[in-house]
Amino acid sequence: MLTWDAAYEMALALRDAHPDADLERVSTRQVYEWAVALPEFADDPAMVNEAMLVAILQEWYEEIDGV
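Per this note's numbering: the sequence shown = residues 107 to 173.
Structure (structure tokens):
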């Protein structure tokens with residue numbers, strides 16, 4: 107089960123679902139759309155904010171960049 111508060115887990119799921127994504131071009135809107143489309147997503151889509159989406163994107167970037 108994925109929720110907005112689980113930024114790292116959400117980033118891993120998005121990485122697996124979109125392995126060829128160019129994170130330099132992925133917007134927070136795209137992160138939102140991809141996140142709510144994940145089969146494991148189980149949160150209220152309306153409860154997200156920009157900071158949560160940025161945190162997910164940052165975790166994703168760090169995961170693939172090896173930081």
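By construction, the Cβ of each residue, glycine as well, lies at the ideal position given by its N, Cα and C atoms.
Item to check | Span separating the alpha-carbon of Ile170 from that of Arg121 | outcome: Counting from one through the sequence shown, the residue named residue 170 turns up at place 64. Counting from one through the sequence shown, the residue named residue 121 turns up at place 15. Distance between the alpha carbons of Ile170 and Arg121: 8 angstroms.
Checklist entry - Short check: CB of His124 to CB of Trp140, under 8 angstroms? => result Here residue 124 refers to the residue found at position 18 of the sequence shown. Here residue 140 refers to the residue found at position 34 of the sequence shown. Yes, these two residues count as a Cβ contact at 8 angstroms.
Item to check | Same chain, Cβ closer than 7 angstroms to Leu159, five either side skipped, listed in chain order | outcome: Here residue 159 refers to the residue found at position 53 when the sequence shown is read from its first residue. Within the same chain, Leu159 has close Cβ partners Thr134, Val137 and Tyr138.
Checklist entry - What are the start and end residues of the alpha helix (DSSP H) that includes Leu144? => result By one-based count along the sequence shown, residue 144 stands at place 38. No alpha helix (DSSP H) holds Leu144; DSSP gives it neither H nor E.
Next on the checklist: Among the candidates Phe147, Asn155 and Ala119, whose CA atom is the shortest distance from the CA of Tyr167?
Outcome noted: Sequence index remark: in the sequence shown, residue 167 carries index 61 (1-based). Ranking the options by Cα distance to Tyr167, first place goes to Ala119.
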